[in-house]
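Visitor: By the working numbering, the letter at position 188 of the sequence shown is numbered 188, and the numbering carries on one by one without gaps.
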Amino acid sequence: MAAAHTVLGEQVRMPVEIRHADAASALFFADTAAARELLAPAGLEPVTVLGRAILSLAFVRYVDGDLGPYHEFAFSLMARQPGRKDSTGAYIHWLPVNQSFTCEAGQSIWGFPKLMADIDITPVRGGHLCDVRVDGEFVVGMRVANGLPMPGGAGGASIDAYTHRNGTLRRTPWVMNPSGVRGRPGGVRVELGNHPISQQLRALGLPRGALFGSRIGSLAMTFADATTVLPTREAR
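1. Hey, how far is the Cα of R202 from the Cα of S214?
2. So does the region 101–115 actually touch the region 221–228, counting three or more Cβ pairs closer than 8 Å?
3. Hey, out of Q11, G136 and G65, whose CA is closest to D22's CA?
4. Can you tell me which of A53, R80 and L95 puts its alpha carbon nearest to the alpha carbon of D31?
5. DSSP three-state label for I216, please.
6. Roughly how many angstroms lie between the CA atoms of L67 and H20, to the nearest whole one?
7. Would you mind stating whether L50 and L77 have Cβ atoms separated by less than 9 Å?
8. At 3 residues or longer, what runs of the beta strand (DSSP E) sit wholly inside the region 150–175?
9. Could you pull out every unbroken alpha helix (DSSP H) segment of at least 4 residues lying fully inside the region 18–77, listed in chain order?
10. Measuring alpha carbon to alpha carbon, tell me which of A90, G187, V134 and A35 ends up nearest L148.
11. For L169, which residues of its own chain have a beta-carbon under 8 Å away from its beta-carbon, when the five flanking residues on both sides are left out?
12. Which residues mark the beginning and the end of the beta strand (DSSP E) in which P201 is found?
As structure tokens, then:
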């Protein structure tokens with residue numbers, strides 16, 4: 001029998017399915033020392049390419065899914081457990097949303113760092129724009145160009161998501177099935193406010209040009225139940 005969690009009086013059964021969403025994302029090189037500092041409380045270390053950490057920013061418009069419709073912005077770093085090269089995943093550092101049910105579900109089921117925010121996702125000429133404000137304060141804005149159609153965009157992909165909440169590191173299997181994918185090198189503009197999260201992004205090196213920006217016209221996803229990750233010997 002599938003596991004279930006009670007969230008605000010409603011049953012949420014595992015795995016959670018997102019039947020339709022659309023998204024835009026960007027990858028950036030980031031300062032490795034700053035990334036290491038953000039990951040240290042979780043007992044993780046940054047995955048590096050050419051000596052640089054990898055930062056991802058993304059915004060998602062959830063249209064049809066088990067947690068209802070909502071907007072989300074994700075700030076994550078590619079990370080792994082020390083001493084385990086087979087443990088690469090996306091560490092979700094900050095995950096604001098604009099609906100209370102998914103906020104509570106994300107926190108209580110997976111330990112996601114969700115919080116309530118105002119998230120505006122707007123089609124603009126040649127792309128999409130997302131602005132995030134917390135308690136009325138501007139935090140981050142990101143504009144992603146549509147780019148060119150990418151062949152093979154309908155194939156599935158999977159990656160584990162790491163979260164760290166109340167001293168517990170969790171790992172969640174995350175499967176994505178995108179279609180209508182467009183992308184290009186660069187094609188992203190980031191603006192930052194003065195919020196503490198804005199300052200963390202500055203420490204990582206933003207705003208700077210993106211390695212790659214992409215737009216997903218239709219995205220289905222599945223989130224399984226989270227498992228607790230025991231610290232490796234190097235992280236103790």
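All C-beta atoms in this analysis are idealised placements derived from N, C-alpha and C, irrespective of residue type, glycine included.
Guide: The answer reads as follows:
1. Going from the Cα of R202 to the Cα of S214 covers about 22 Å.
2. They touch, by the three-pair rule.
3. Checking every option, the nearest Cα to that of D22 belongs to G65.
4. Among A53, R80 and L95, the Cα nearest to that of D31 is on A53.
5. Looking at I216 - three-state DSSP - the assignment turns out to be strand.
6. Each residue's alpha carbon lies about 12 Å from the other.
7. Taking a C-beta distance under 9 Å as the contact criterion, L50 and L77 do not qualify as a contact pair.
8. The DSSP assignment places complete beta strand (DSSP E) segments of no fewer than 3 residues inside the region 150–175 at 157–165, in order along the chain.
9. Taken in chain order, the complete alpha helix (DSSP H) segments of 4 or more residues contained in the region 18–77 are 32–39.
10. Looking at the Cα atoms, G187 is the closest of the given residues.
11. The answer, listed in chain order, is A42, G43, L44, Y162, T163, T228, V229 and P231.
12. Residue 201 is actually Leu in this sequence, not Pro. Residue range P196 to A203 is occupied by the alpha helix (DSSP H) that includes L201, with no beta strand (DSSP E) assigned at that position.
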